[in-house]
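Undergrad: Numbering (numbering that gives the first Met the number 0), first residue to last: 0 to 85. For glycine and all other residues, C-beta sits at the position ideal for the given N, C-alpha and C. Computed from a predicted model, the values in this text were never measured in an experiment. Handing you this structure, nothing more for now.
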Amino acid sequence: MRYRSRFRPWPWVTMLLALAACSSGDPLDPGGAQGIDGLVLLGPQCPVQSLEDPCPDLPYEASIGVRTAGGEFVTRIRSGEDGRFR
């Protein structure tokens, strides 16, 4: 007796093609704003925090190295006194 799999790849292939067709243009040409921006915070500042006695994290001025997923160095940026970088 020969075993026949009930798995049919066509519905999955069709779904993947439909999702790919819904993508928003060329991923290598994003158009609008590009880059990395963020906020560097240092915390926690207190050993125990509670809603009644909040102890917010503080902004931190730092040097930030940017690397690829493979570990290759790309660039270095600095956050400002307010902790923000772009």
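If we count Cβ pairs, one from each stretch, closer than 8 angstroms, do we get three or more for the stretch 37 to 45 versus the stretch 56 to 64?
TA: Contact holds: three or more Cβ-Cβ distances are below 8 angstroms.
Undergrad: Pull up the distance between the alpha-carbon of residue 73 and that of residue 37, whole angstroms please.
TA: Along the sequence shown, one-based indexing puts residue 73 at 74. Along the sequence shown, one-based indexing puts residue 37 at 38. Distance between the alpha carbons of residue 73 and residue 37 is about 17 angstroms.
Undergrad: If we ignore side chains and look at the alpha-carbon of each, how far apart do residue 79 and residue 63 end up?
TA: Locating residue 79 in the sequence shown gives position 80, counting from the first residue. Locating residue 63 in the sequence shown gives position 64, counting from the first residue. So the alpha carbons of these two residues sit roughly 11 angstroms apart.
Undergrad: Quick one: give me the first and last residue of the beta strand (DSSP E) that residue 62 is part of.
TA: The sequence position of residue 62 within the sequence shown is 63, counting from 1. Taken as a continuous stretch (DSSP letters only), the beta strand (DSSP E) holding residue 62 covers 62 to 66.
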